[in-house]
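Engineer:
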Amino acid sequence: MAVAIAVTRERREGEPRTAATPDTVKKLTALGASVLVEAGAGLGSSIPDADYEAAGARIAKDSSAVLSKADILLKVRGPTAQEISALKPGAIVVALLDAYREKDTVQAMAKANVTAFAMEFVPRISRAQVMDALSSQANLAGYRAVIEAAHTYGRAFPMMMTAAGTVAPAKVFVMGAGVAGCQAIATARRLGAVVSATDVRPAAKEQVESLGAKFVAVEDEEFKAAETAGGYAKQMSAEYQAKQAALTATHITKQDVVITTALIPGRPAPRLISAAHVASMKPGSVLVDLAVEAGGNVEGSKPGEVVKTANGASIVGWSNLPGRIAADASALYAKNLLAFVGLLVKDEALALDLEDEILKAAVVTHGGAVVHEGVKG
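Position in the sequence shown (first residue = 1) + 2 = the numbering used here.
1) What did DSSP end up calling Leu289 once you bin it into helix, strand or coil?
2) So Gly16 packs on Gly325, CB below 8 Å; how close in whole Å?
3) Runs of 3 residues minimum, wholly inside the segment 304-364: which ones carry the beta strand (DSSP E) assignment?
4) So what does Glu15 bridge to, in DSSP terms?
5) At which residue ranges does the segment 63-93 contain complete alpha helix (DSSP H) runs of 4 or more residues, listed in the order of the chain?
6) Which runs of the beta strand (DSSP E) at least 3 residues long sit entirely within the segment 104-147? Give them in chain order.
7) What is the residue span of the beta strand (DSSP E) that Ser36 lies within?
8) Would DSSP call Ala8 helix, strand or coil?
9) From Glu241 to Asp100, what does the alpha carbon distance come to, in whole angstroms?
10) Taking buried to mean at least 16 other C-beta atoms within 10 Å of its own C-beta, is Ala35 buried or exposed?
11) Just tell me which of Arg103, Asp51 and Ala110 has its CA closest to the CA of Glu122.
12) Locate the beta strand (DSSP E) running through Lys173, then write down its first and last residues.
13) Return the chain-ordered list of same chain residues with a C-beta closer than 6 Å to the C-beta of Lys304, the five sequence neighbours on each side being excluded.
14) Nearest to Leu136 by alpha carbon, out of Ala165, Ala83, Pro171 and Ala97?
15) Of all the options Lys256, Ile360 and Leu323, which has the alpha carbon lying nearest to the alpha carbon of Ala341?
16) Between which two residues does the alpha helix (DSSP H) harbouring Ala32 extend?
17) Tell me the rounded alpha-carbon separation between Ala57 and Arg19.
18) Output the boundary residues of the alpha helix (DSSP H) element that contains Ile187.
19) Using 10 angstroms around the beta-carbon of Met177, count the other beta-carbons present and answer buried if the total reaches 16, otherwise exposed.
20) If you measure from the beta carbon of Ala166 to each beta carbon in chain B, is any gap under 7 Å?
21) What are the boundary residues of the alpha helix (DSSP H) that Ser212 is part of?
22) Mind checking Ser48: buried by the 16 CB within 10 Å criterion, or exposed?
23) Can you check which of these residues, Phe159, Ala331, Ala293 and Ala371, is closest to Pro171 by C-alpha distance?
24) Pull up the distance between the alpha-carbon of Gly167 and that of Ala130, whole angstroms please.
25) What does the alpha-carbon distance come out to for the pair Pro285 and Lys173?
26) Can you check DSSP and say which residues form a bridge with Met163?
27) Is Val202 helix, strand or coil by DSSP?
28) Count the other C-beta atoms from every protein chain shown that fall within 10 angstroms of the C-beta of His153, then say buried if there are 16 or more, exposed otherwise.
29) Cutting at 6 Å between CB atoms, please list the residues of its own chain near Lys362, excluding the five before and the five after it.
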């Protein structure tokens with residue numbers, strides 16, 4: 003009997019993305035799976051039900067009917083309590099679970115004897131690159147952050163020389179040169195801004211400069227050792243943070259736009275910009291906080307809001323920036339999931355090998371228990 007893969011409509015507020023596209027449906031069926039899609043699952047990404055049907059999926063109006071038959075449930079965000087209760091014991095869930103914060107969802111899946119994989123835990127190794135959902139979504143978030151900044155800024159980004167005078171280019175400062183930050187740098191440069199950037203990882207300097215931006219950082223001994231084996235930024239000491247804050251304070255007063263992207267897995271986002279920093283900025287300046295859902299890099303940022311400050315600056319705290327480019331975000335994420343499902347389905351049957359290094363790193367619940375060391379507590 004074919005492996006049944008289900009895709010339901012996303013029920014988390016403000017989530018327009020979907021976990022499958024007609025293209026990935028075709029490839030999932032080629033693996034020998036049957037694909038069931040809840041009606042309306044793709045509408046937020048401009049995918050009508052008819053396109054899924056044409057690709058080989060079956061459309062179901064009732065989500066519980068889809069879930070009860072599912073061997074594998076593919077989601078963007080973690081399933082709701084109602085969805086978990088409708089799954090059969092032993093079913094597999096693959097999603098961006100936000101497992102460090104969504105503890106209730108994780109516990110509910112363990113209690114329901116569901117095997118859950120968190121796409122955010124896919125290791126950063128060569129064979130898993132095609133499954134790296136964090137990177138695929140961060141890329142779009144970095145791009146969209148600049149678009150949102152330009153919209154809110156209300157002035158031109160590039161230098162413009164006209165008969166009536168010259169428009170000066172915008173000065174954009176990007177804090178954090180990971181995937182999102184590098185895309186923000188590249189996008190701001192393409193729009194003609196003068197760009198500078200900072201990061202605590204030494205390797206970021208070359209990346210920033212290769213994109214045509216100026217690198218700004220306190221380059222001391224701690225800076226030289228500020229990267230984990232997995233390529234993430236380490237938590238910096240209070241002393242380093244103070245020195246970096248002083249450098250930031252002098253640099254930020256000259257900027258028109260600041261984009262912050264700093265996240266540390268499993269911890270609140272580091273506070274990079276204080277209220278005093280914000281107050282030092284020019285009227286009309288813009289700050290975009292990509293870490294707003296994890297506590298925020300910018301003091302005063304609020305999820306889902308644009309905060310106007312007393313000095314005339316704007317702090318943009320839109321949640322789910324990839325969701326603001328839902329069609330592209332869904333297409334990339336669905337391909338990440340397709341590659342991951344290839345580890346779960348072999349010879350047209352489920353083949354769950356938890357000794358596989360990717361599956362072992364990504365599994366959160368299995369056999370009625372929470373099994374991921376970082377999430378257990």
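Where is the CB? At the ideal position from N, CA and C, for every residue including glycine. On a predicted model such as this, the values are computed, not experimentally measured, just so you know.
Structural biologist: Per the coordinate set shown:
1) Locating residue 289 in the sequence shown gives position 287, counting from the first residue. Per DSSP, reduced to three states, the secondary structure at Leu289 is strand.
2) Taking the first residue of the sequence shown as position 1, residue 16 is located at position 14. Taking the first residue of the sequence shown as position 1, residue 325 is located at position 323. With a Cβ gap of about 7 Å, Gly16 and Gly325 count as contacting.
3) DSSP runs (the beta strand (DSSP E)) wholly in the segment 304-364: 308-310 and 316-318.
4) Your numbering for residue 15 matches position 13 in the sequence shown. Glu15 pairs with nothing; no bridge assigned.
5) Fully contained in the segment 63-93 are the following alpha helix (DSSP H) runs of length 4 or more, in chain order: 65-70 and 83-88.
6) The segment 104-147 contains, as complete beta strand (DSSP E) runs of 3+ residues, the segments 117-120 (chain order).
7) The residue given as residue 36 occupies position 34 in the sequence shown. Ala35 to Glu40 is the extent of the beta strand (DSSP E) around Ser36.
8) Locating residue 8 in the sequence shown gives position 6, where the first residue counts as 1. It is a strand residue.
9) Stepping through the sequence shown from its first residue, residue 241 is reached at position 239. Stepping through the sequence shown from its first residue, residue 100 is reached at position 98. Looking at the two C-alpha atoms, the distance is approximately 31 Å.
10) To locate residue 35, count along the sequence shown from 1; it is residue 33. By the neighbour-count rule (16 or more Cβ atoms within 10 Å), Ala35 is buried.
11) Locating residue 122 in the sequence shown gives position 120, where the first residue counts as 1. Closest option to Glu122, Cα to Cα, is Arg103.
12) Along the sequence shown, read from residue 1 onward, the residue named residue 173 stands at position 171. In the DSSP annotation of this structure, the continuous segment of the beta strand (DSSP E) that includes Lys173 starts and ends at Lys173 to Met177.
13) Translated into the one-based positions of the sequence shown, residue 304 becomes position 302. Cβ within range, chain order: Gly319.
14) Translated into positions along the sequence shown, residue 136 becomes position 134. Looking at the Cα atoms, Ala97 is the closest of the given residues.
15) Reading the sequence shown from its first residue, position 339 is the one you call residue 341. For Ala341, the nearest C-alpha among the options comes from Ile360.
16) Here residue 32 is taken as the residue at index 30 of the sequence shown, counted from 1. Its alpha helix (DSSP H) spans residues Pro24 to Ala32.
17) Taking the first residue of the sequence shown as 1, we reach residue 57 at position 55. Taking the first residue of the sequence shown as 1, we reach residue 19 at position 17. Annotation: Ala57 to Arg19 spans about 19 Å, alpha carbon to alpha carbon.
18) On the sequence shown, position 185 is the one that residue 187 refers to. DSSP places Ile187 inside the alpha helix (DSSP H), whose first and last residues are Val181 to Arg192.
19) Taking the sequence shown and counting its residues from 1, one reaches residue 177 at position 175. Buried, because 16 or more other Cβ atoms sit within 10 Å of the Cβ of Met177.
20) The displayed structure is made up of one protein chain only, and chain B is not part of it.
21) As a first step, residue 212 is located in the sequence shown; it is residue number 210 there, counting from the start. Note, Ser212: alpha helix (DSSP H), Ala205 to Ser212.
22) Locating residue 48 in the sequence shown gives position 46, where the first residue counts as 1. Ser48 is exposed by the Cβ-count criterion.
23) The residue labelled residue 171 in the question sits at position 169 within the sequence shown. Nearest to Pro171 by alpha-carbon distance, out of Phe159, Ala331, Ala293 and Ala371, is Phe159.
24) Stepping through the sequence shown from its first residue, residue 167 is reached at position 165. Stepping through the sequence shown from its first residue, residue 130 is reached at position 128. Cα-Cα distance, rounded: 52 Å.
25) Working through the sequence shown from its first residue, we reach residue 285 at position 283. Working through the sequence shown from its first residue, we reach residue 173 at position 171. Their backbone Cα atoms lie some 14 Å apart in a straight line.
26) Walking along the sequence shown from the start, residue 163 turns up at place 161. Answer is Thr168.
27) The residue labelled residue 202 in the question sits at position 200 within the sequence shown. Judged by DSSP in its simplified three-state form, Val202 adopts coil rather than helix or strand.
28) Mapped onto the sequence shown, residue 153 falls at position 151. Burial call: exposed.
29) Against the sequence shown, residue 362 aligns to sequence position 360. Sequence-distant Cβ neighbours of Lys362 in its own chain, meaning closer than 6 Å and more than five residues away, are Leu356.
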